[in-house]
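Quick note, the sequences are listed as chains D and L, same order.
With the first sequence counted from 1, adding 111 to any position gets you the numbering used here.
Residue numbers are given in the numbering used here: position 363 of the second sequence equals residue 343, and the series is strictly consecutive.
All C-beta atoms, glycine included, are put in the ideal place defined by N, C-alpha and C.
Written below as structure tokens is the structure these notes are about.
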Amino acid sequence: MDLLTFARGPALVVSLAVFVLGSLWHLAGVLLRPRMPDLSPARQGAPEKWLGALRAVKHGLWPRKEFGQAALGSTINGYVFHIGLALVFFGYAPHIAFIRRVIGLSWPALPDLVMYLAAGASIVSLLLALGSRLLNPVLGKISNLDDIITWAIVILPILTGMAVVAEPSAAVLSRDRVIYPVPLAIHLLTLELLLIWFPFGKLMHAFLFVFSRGATGLRFSHRGVEV
Amino acid sequence: MIASDPAIPAFDKQDGQSDEARVEAAMRSFVSEFGVTTALHLESCVRCGLCAEACHFYVTTGDAKYTPVYKLEPFRRAYFREASPFAPLVRALGLVKKPGIVDLEQWQELIYDSCTMCGRCTLICPMGIDIAELVKEARHGMFKAGLLPDRLALMDRTARQWGSTATPGEDLPDILAEAGRSYGVDIPCDLDSADILVTAASAELSEHTKALADAAKILNRIGVKWTMHQGGFDASNIGFNNGDMELQERLTRALIDTAVRIGAKTVILPECGHAYGAARWEAAKWYGQALPVRIIHMTEFLDELIASGRIRVNRIGETATFHDPCQIVRRGGLEAAARRVLAALGFELIELKDHGVTGYCCGGGGGVVSNQRATTLRHKVFEMKQQQIEATGAKRFVTSCGQCRITFEMGARHAHWDKPTESLLELVADNLAG
């Protein structure tokens, strides 16, 4: 079995299994913990619980204007990274072809130029985030190994993906064989590494943020406070 | 060592537990706190550090150790080692270090001296993490370990003995009689039955006794049957701040049980932020069911009386600015009520730069006002608040929490600032019309 076959076969299956089962285990392990019902009477006019939770999820999308500059920089950088990564992952034609092979779903691709810009923006935002984490005293105080491992594991698929890009995606897709099997296998393996790490580190915030914000929304909307 | 001033010990210890016993007690308590919301909030932190930008102690000192989420470090470690979904793996591989006695001792300053549990950090957190609540839960473990500031421990012992940090219950009739004589008002005490049970804050039983007379003046005006009562009179609830859950429950039950015994349908809380947090939102937890009485803050009560026309107030017609007490506004939902009362008093309200739910804490909440180790930090926060208050150009400065008021008064004395901090209750009582 060559490296690409390994990456497209058993490594993909194992990493997807770890990702799905690990994430479910993680979510269940948190969400099934004991809960204490709030027996206090709600503030008159408090919204329904689900609405309070939903509003908190929505409000968390952008910092309050009162926090202005303090929150703006890291928020914008975060959006640049997340949007850039989403565009590359879901919009690049070879990625869509890969997803179609795995689960049978596909959708129209975005132009290659958009992909290159999105990947570039994601890399720049990740470098800015790393610089900030290494140089900002507050981040220095609170950072741990998870932050560094996660940063490396997230940037690797983008870098290895960029390394594979040597020609337009239409040309790549028109061929029935891979001309750079080892670089492509490495790219796939870095993605699989990310999938395997996902349930164990801070990447879980991709699922948890909804519940975390929602829980605070529940607590505070009950009191008549919009958070 | 975390303490910024090496001359001041960063931690105190109570009782004679061994270090091992302290750690085990703290860990047992921490683990008992890890319900679903706590777990979600500990899990979802991405360590972005934005919470620092919302914390008055970080903003005024620039010291990274005051980053709110950093204050939770031993609590966080306990979670990941003992309760997280991958805890066995974390322990087996030694991925997270178990908090030791040195960690707990060092973090005492961050958990007690430099967190007022004001919750401003929650509003900036992109994950919506309620750090104030987590700090409160961490304090439960610190209390069990006998690791809280001595001043707070002393107040705790007093409250366990007296039911109040200010005075034993048996002295209440004398205090009320004296306040009544001084301000020319009748303050009923220990009635066998009443519709309303009125409670006090510790400070009102000592230096701010006019507040007792002010409440009496208003209640007597509306002609309801009300009383204060030795059985449950101090609503400040030092157990809530210290992390002493047993005391918190005892003090809470004293209020509710007394109200039930005398047939009261309403318990009025004093102008005290943490009293509101402890009684309005947490009393039912200790009671084990929905409360048989309504619990209402003095500000809400005044707002309702004015709105219903049961009292009328004279219009003062000056400019004023208002400090929003964190537990009453940001964590309590009474932002509009205080402003309606100020409007009824005819004040032209000039808001602080940071006000309402995003207003900065006075710097003394969560027991910090009573903790002499935190004096320097409190003064730094006061400087910021003073600047914001002066920048409004308002003639009067008002708040609706006695603890905030004391914190401002202490800060003003230190800064030789002559602007008085006025109480909303006092303003209403002094300006009752007709």
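- Burial of I111(L) is indicated by the presence of at least 16 other C-beta atoms within 10 angstroms of its C-beta.
- Beyond the five residues adjoining it in sequence on each side, L271(L) comes within less than 8 Å, by CB distance, of I236, A263 and A264 in the same chain, given in chain order.
- Neighbours of P222(D) in chain L, taken as residues at a C-beta separation under 8 Å, are lacking, since the least C-beta distance is about 31 Å.
- Taking a contact as a CB-CB distance under 8 Å, the pair R295(L) and L325(L) counts as one, their CB atoms being some 7 Å apart.
- The beta strand (DSSP E) runs of length 3 or more contained entirely in the region 156 to 182 of chain L are, from start to end of the chain, 176 to 178.
- Secondary structure note for A300(L): its beta strand (DSSP E) is the uninterrupted segment T299 to H303.
- Across the region 335 to 347 of chain L, CB contacts with chain D closer than 7 Å involve V337 and T338, in sequence order along the chain.
- At least one CB of chain L lies nearer than 8 Å to the CB of A182(D).
- Judged by pairs of C-beta atoms under 8 Å, the region 69 to 81 of chain L does not touch the region 287 to 294 of chain D, as fewer than three such pairs exist.
- Boundaries of the alpha helix (DSSP H) harbouring R211(D): A204 to I214, taken from the DSSP string.
- The Cβ atoms of F281(L) and I330(L) lie no closer than 8 Å to each other.
- About 15 Å separates the CB atoms of A146(L) and G219(L); that is not less than 8 Å, and the two are not in contact.
- Contact check between the region 321 to 333 of chain D and the region 161 to 176 of chain D: three or more CB pairs, one atom from each, fall below 8 Å, which counts as touching.
- Sequence-distant partners of V191(D) (beyond 5 residues in either direction) whose C-beta falls short of 8 Å from its own C-beta, in its chain, are A232, S233, V235 and S236.
- Counting along the chain, no beta strand (DSSP E) covers S134(D); the unbroken alpha helix (DSSP H) around it starts and ends at P121 to L142.
- With 16 or more other Cβ atoms from the protein chains shown falling within 10 Å of its own Cβ, F10(L) counts as buried.
- Pairwise C-beta distances place the region 369 to 385 of chain L in contact with the region 176 to 183 of chain L, as three or more of them are shorter than 8 Å.
- Less than 8 Å divides the Cβ of P250(L) from the Cβ of A191(L).
- Residue pairing by DSSP places D214(L) opposite A180(L) in a beta bridge.
- Exclusion of the five residues before and after D194(L) leaves L405, E406 and A409 as the residues of its chain whose Cβ lies within less than 7 Å of its Cβ.
- Bridge partners of M107(L) according to DSSP: none are assigned.
- Note: R274(L) is bridge-paired with T246(L) in the DSSP secondary-structure output.
- In the structure shown, E402(L) falls within a strand segment according to DSSP collapsed to helix, strand and coil.
- If you check the CB distance, G343(L) and T279(L) do not come in under 8 Å.
- With the criterion set as a beta carbon lying under 9 Å from some beta carbon of chain D, the members of the region 53 to 80 of chain L are E53, A63, S64, P65, F66, A67, L69, L75 and V76, in sequence order.
- Rounded to whole angstroms, the gap between the alpha carbons of H120(L) and L132(L) is 13 Å.
- Exposed is the label assigned to D113(D), since fewer than 16 other Cβ atoms lie within 10 Å of its Cβ.
- Taking a Cβ-Cβ cut-off of 7 Å, the neighbours of W136(D) in chain L comprise P65, given in sequence order.
- Relative to F311(D), the option among L199(L), P68(L), K45(L) and A395(L) whose CA is nearest is P68(L).
- Leaving aside the five residues that flank A122(D) on each side, the residues in its chain whose CB is nearer than 8 Å to its CB run, in chain order, L299, L300 and E303.
- Taking a beta-carbon distance threshold of 8 Å, V131(D) does not count as an interface residue toward chain L.
- Following the DSSP letters along the chain, one finds V378(L) inside the beta strand (DSSP E) bounded by residues R376 to T379.
- Contacts with chain D (Cβ-Cβ distance below 7 Å) from the region 36 to 52 of chain L involve A44, K45, T47, V49 and Y50, listed in chain order.
- Of the residues assessed, F201(D) falls on the exposed side of the cut-off, its CB having fewer than 16 other CB atoms within 10 angstroms.
- The Cβ-Cβ distance between T338(L) and R100(L) falls below 8 Å.
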